[in-house]
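*Asks:*
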Ligand code: NDP
Ligand code: MG
């Protein structure tokens with residue numbers, strides 16, 4: 010896709026400033042976030058960062074952005090970081106989940122971006138909401154696990170959640186100014202992932218390296234595999250249900266090769282609004298961090314001076330069984346989406362480690378959903394125990410697929 014080199018800034022200057030904590034700063038979303046912050050140093054100040062273990066990269070970030078608060082989930086990495094001279098003098102270090110929670114409630118921050126892969130970001134996200142921070146949310150898995158409790162926390166504390174996931178950020182933009190009652194449905198686009206043009210017979214033999222070659226996006230390994238199975242789109246339908254208070258039949262997906270239209274919203278009169286931008290996460294990240302301001306970002310916008318196609322086609326759920334299973338879990342409700350997510354995380358980790366084949370991923374999810382009772386959770390503890398049980402059942406079924 011070509012880009013427009015002459016796009017002028019929409020808004021020239023601004024006076025406001027936001028102080029941002031980024032959890033998952035060393036990952037793919039984290040790095041895109043740093044590009045956005047570097048492009049808007051007058052408006053965005055990075056005050057805290059965290060990762061699991063990559064302290065050498067955190068030290069570089071701390072020096073480049075003058076960050077004083079640094080969290081490392083991993084205890085060994087935390088110990089190593091404290092003796093790492095590459096951090097600026099006076100850096101405060103935090104460790105483990107308590108450390109992530111401390112960063113999520115940092116008094117000088119007003120926005121917390123959660124981009125921790127998987128469900129480890131759940132407690133910090135709840136902490137940020139309780140501390141009345143704006144939550145810029147990339148970690149979709151935590152809404153799938155505990156959407157009911159996250160949305161309740163946002164309501165209880167009057168805190169705002171702004172989606173960072175590109176499709177949800179697109180829906181958020183399309184919905185602005187429209188009453189919820191006028192929305193007929195939302196449609197999220199899916200690129201189809203690494204194997205969208207492969208014959209179905211070849212899928213049994215794909216390797217992790219094959220699955221990690223995404224046609225349009227550069228992302229972390231887990232979500233790239235999720236894109237190839239379309240489990241990612243399934244997680245996103247459930248994520249959308251919570252973020253926008255929709256019923257399952259109002260959440261749809263469509264295949265769209267170019268990843269330029271990120272989502273469509275269909276209103277009661279049949280009109281649709283769509284959001285378009287090049288496939289770079291800097292667009293939704295910047296929108297979430299600067300909302301409601303709009304200024305020129307680090308990446309160029311679409312160039313309409315050259316011909317290009319926008320293709321849409323329905324998703325074949327036989328080819329993408331993970332999407333079918335996610336939809337069934339969404340329809341079943343209660344802890345079923347949490348079970349779907351736990352089984353998917355377990356199966357994808359095993360696939361990436363070379364322990365099971367690609368086609369085992371939906372089979373493990375299917376078996377785990379069938380083997381775990383789902384129910385309407387009354388507390389977060391009940392959700393977490395359903396999650397743990399599903400992970401155990403999924404792990405036990407791995408050997409059958411080895
Ligand atoms: P990556 O694998 O690239 O990065 C993961 C980040 O999370 C790293 O900074 C990692 O630290 C950190 N991390 C992992 N476990 C912990 C933990 N227990 N405590 C603290 N930090 C931890 O993932 P992505 O950036 O691709 O994805 C992050 C989230 O954003 C996922 O939920 C994904 O679904 C979502 N998302 C991603 C998109 C993308 O384009 N990448 C698009 C939309 C959503 P370390 O480096 O030390 O391991
Ligand atoms: Mg997405």
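Residue numbers (our numbering): 10 to 411.
Glycine is no exception: its CB is placed at the ideal position from the N, C-alpha and C atoms.
So residue 236 and residue 200 are in contact, right, with Cβ under 8 Å, and what is the actual spacing, rounded?
*Replies:* Residue numbering aside, residue 236 sits at position 227 when the chain shown is read from its first letter. Residue numbering aside, residue 200 sits at position 191 when the chain shown is read from its first letter. That pair is a contact at about 7 Å.
*Asks:* Between residue 61 and the ligand NDP, is the CB less than 8 Å from at least one heavy atom?
*Replies:* Here residue 61 refers to the residue found at position 52 of the chain shown. Answer for residue 61: yes, Cβ within range of the ligand NDP.
*Asks:* Put residue 339 into one of helix, strand or coil per three-state DSSP.
*Replies:* Against the chain shown, residue 339 aligns to sequence position 330. The answer is helix: DSSP assigns residue 339 an H, G or I state.
*Asks:* Under DSSP, the beta strand (DSSP E) around residue 191 begins and ends at which residues?
*Replies:* The residue labelled residue 191 in the question sits at position 182 within the chain shown. It is not in any beta strand (DSSP E) - residue 191 carries neither H nor E in the DSSP assignment.
*Asks:* Measure the alpha-carbon distance for residue 72 versus residue 64 and round it to whole angstroms.
*Replies:* The sequence position of residue 72 within the chain shown is 63, counting from 1. The sequence position of residue 64 within the chain shown is 55, counting from 1. Between residue 72 and residue 64, the C-alpha separation is close to 12 Å.
*Asks:* Among 301, 272, 291, 386, whose alpha-carbon lies nearest the alpha-carbon of residue 282?
*Replies:* On the chain shown, residue 282 is found 273 positions in, with the first residue counted as 1. The candidate whose alpha carbon is nearest that of residue 282 is 272.
*Asks:* For the alpha helix (DSSP H) that residue 363 lies in, which residues bound it at each end?
*Replies:* As a working mapping, residue 363 is identified with position 354 in the chain shown. Run containing residue 363: none; DSSP gives neither H nor E here.
*Asks:* Residue 187 by DSSP, collapsed to three states: which one?
*Replies:* Taking the chain shown and counting its residues from 1, one reaches residue 187 at position 178. DSSP places residue 187 in coil when its eight states are reduced to three.
*Asks:* In terms of DSSP beta bridges, what is residue 276 paired with?
*Replies:* Within the chain shown, the letter at position 267 stands for residue 276. Looking at the DSSP assignment, residue 276 forms a beta bridge with 192.
*Asks:* Pull up the distance between the alpha-carbon of residue 304 and that of residue 285, whole angstroms please.
*Replies:* The count along the chain shown starts at 1 and reaches residue 304 at position 295. The count along the chain shown starts at 1 and reaches residue 285 at position 276. Their Cα atoms are separated by approximately 16 Å.
*Asks:* Could you tell me the distance, in whole angstroms, from the CA atom of residue 249 to the CA atom of residue 115?
*Replies:* If you number the chain shown from 1, residue 249 lands on position 240. If you number the chain shown from 1, residue 115 lands on position 106. For residue 249 and residue 115, the distance between alpha carbons rounds to 28 Å.
*Asks:* Using the rule of at least 16 other Cβ atoms within 10 Å of the residue's Cβ for burial, across every protein chain shown, is residue 6 buried or exposed?
*Replies:* Nothing can be reported for residue 6, as the shown portion of the chain is limited to 10 through 411.
*Asks:* Given this structure, state the Cα-to-Cα distance separating residue 51 from residue 27, to the nearest angstrom.
*Replies:* By 1-based counting over the chain shown, the position of residue 51 is 42. By 1-based counting over the chain shown, the position of residue 27 is 18. In a straight line, the C-alpha of residue 51 is about 9 Å away from that of residue 27.
*Asks:* Alpha carbons only, please: which of 241, 120, 373, 253 is nearest the one belonging to residue 263?
*Replies:* Within the chain shown, numbered from 1, the residue matching residue 263 stands at position 254. With distances taken between Cα atoms, residue 263 lies closest to 241.
*Asks:* Return the CA-CA distance between residue 175 and residue 296, expressed in angstroms with no decimal places.
*Replies:* Locating residue 175 in the chain shown gives position 166, counting from the first residue. Locating residue 296 in the chain shown gives position 287, counting from the first residue. Straight-line Cα distance between these residues: approximately 10 Å.
*Asks:* Quick one: does the C-beta of residue 242 sit closer than 8 Å to a heavy atom of the ligand NDP?
*Replies:* For the purposes of this step, residue 242 is identified with residue 233 of the chain shown, where counting begins at 1. No, the Cβ of residue 242 stays beyond 8 Å of every heavy atom of the ligand NDP.
*Asks:* Measuring only from the beta carbon, is residue 265 closer than 8 Å to any heavy atom that is part of the ligand MG?
*Replies:* Residue numbering aside, residue 265 sits at position 256 when the chain shown is read from its first letter. Not under cutoff, so the answer is no.
*Asks:* Please confirm whether residue 246 and residue 335 have their CB atoms less than 9 Å apart.
*Replies:* The residue labelled residue 246 in the question sits at position 237 within the chain shown. The residue labelled residue 335 in the question sits at position 326 within the chain shown. Yes, these two residues count as a Cβ contact at 9 Å.
*Asks:* Over the uninterrupted beta strand (DSSP E) stretch that includes residue 455, give me the two end residues.
*Replies:* The chain is shown only over 10 to 411; residue 455 falls outside these bounds and no answer can be derived.
*Asks:* Could you work out which residue in 292, 287, 255 is closest to residue 275 when comparing CA atoms only?
*Replies:* Against the chain shown, residue 275 aligns to sequence position 266. It is 255.
*Asks:* Using 8 Å as the cut-off, classify the Cβ of residue 175 as near or not near the heavy atoms of the ligand MG, replying yes or no.
*Replies:* Here residue 175 refers to the residue found at position 166 of the chain shown. The answer is yes for residue 175.
*Asks:* Closer than 6 Å by C-beta to residue 162: which residues in its own chain qualify, once you throw out the five before and the five after it? Chain order, please.
*Replies:* On the chain shown, residue 162 is found 153 positions in, with the first residue counted as 1. For residue 162, where only same-chain residues beyond five positions count, the Cβ hits under 6 Å are 135, 138.
*Asks:* Using the beta-carbon count (16 or more within 10 Å), is residue 354 buried or exposed?
*Replies:* Walking along the chain shown from the start, residue 354 turns up at place 345. With 16 or more other Cβ atoms within 10 Å, it is buried.
*Asks:* When DSSP builds the beta bridges, which residues end up paired with residue 329?
*Replies:* Counted from its first residue, the chain shown places residue 329 at position 320. Looking at the DSSP assignment, residue 329 forms no beta bridge with any residue, so it has no partner.
*Asks:* Reducing DSSP to helix, strand and coil, say where residue 45 ends up.
*Replies:* Indexing the chain shown from 1 puts residue 45 at position 36. Note: residue 45 maps to helix in three-state DSSP.
*Asks:* What is the DSSP secondary structure of residue 26, reduced to helix, strand or coil?
*Replies:* For the purposes of this step, residue 26 is taken as residue 17 along the chain shown, with counting starting at 1. Here residue 26 sits in coil by DSSP.
*Asks:* Can you give me the start and stop residues for the alpha helix (DSSP H) that residue 394 sits inside?
*Replies:* The count along the chain shown starts at 1 and reaches residue 394 at position 385. Segment 389-407, the alpha helix (DSSP H) holding residue 394.
*Asks:* Based on the DSSP output, what are the partners of residue 292 in its beta bridges?
*Replies:* The residue labelled residue 292 in the question sits at position 283 within the chain shown. Looking at the DSSP assignment, residue 292 forms no beta bridge with any residue, so it has no partner.
*Asks:* Which same chain residues end up closer than 6 Å to residue 252 when comparing Cβ atoms and leaving out the 5 residues on each side of it in sequence?
*Replies:* Counting from one through the chain shown, the residue named residue 252 turns up at place 243. Result list for residue 252: 172, 177, in chain order.
*Asks:* Do you know how far the Cα of residue 159 is from the Cα of residue 209?
*Replies:* As a first step, residue 209 is located in the chain shown; it is residue number 200 there, counting from the start. As a first step, residue 159 is located in the chain shown; it is residue number 150 there, counting from the start. Approximately 38 Å between the Cα atoms of the pair.
*Asks:* Looking at the ligand MG, does it come within less than 8 Å of residue 245, judged from the CB to the closest heavy atom?
*Replies:* Reading the chain shown from its first residue, position 236 is the one you call residue 245. It does: the Cβ of residue 245 is within 8 Å (strictly closer) of some heavy atom of the ligand MG.
*Asks:* Would DSSP call residue 228 helix, strand or coil?
*Replies:* Counting from one through the chain shown, the residue named residue 228 turns up at place 219. Residue 228: coil per DSSP, three-state reduction.
*Asks:* May I have the straight-line CA-CA distance separating residue 405 from residue 118, to the nearest angstrom?
*Replies:* Residue mapping note: residue 405 aligns to position 396 of the chain shown, counting from 1. Residue mapping note: residue 118 aligns to position 109 of the chain shown, counting from 1. Taking the straight line joining both Cα atoms gives about 42 Å.
*Asks:* For the ligand MG, is there any heavy atom lying closer than 8 Å to the beta carbon of residue 149?
*Replies:* As a first step, residue 149 must be located in the chain shown, where it is residue number 140. It does: the Cβ of residue 149 is within 8 Å (strictly closer) of some heavy atom of the ligand MG.
*Asks:* How many angstroms separate the CA atom of residue 39 from the CA atom of residue 113?
*Replies:* Taking the chain shown and counting its residues from 1, the one referred to as residue 39 is at position 30. Taking the chain shown and counting its residues from 1, the one referred to as residue 113 is at position 104. Each residue's alpha carbon lies about 15 Å from the other.
*Asks:* Going along the chain, which residues of its own chain have a beta-carbon closer than 8 Å to the beta-carbon of residue 337, five neighbours each way excluded?
*Replies:* In the chain shown, residue 337 corresponds to position 328, counting from 1. Around residue 337: 345, 378.
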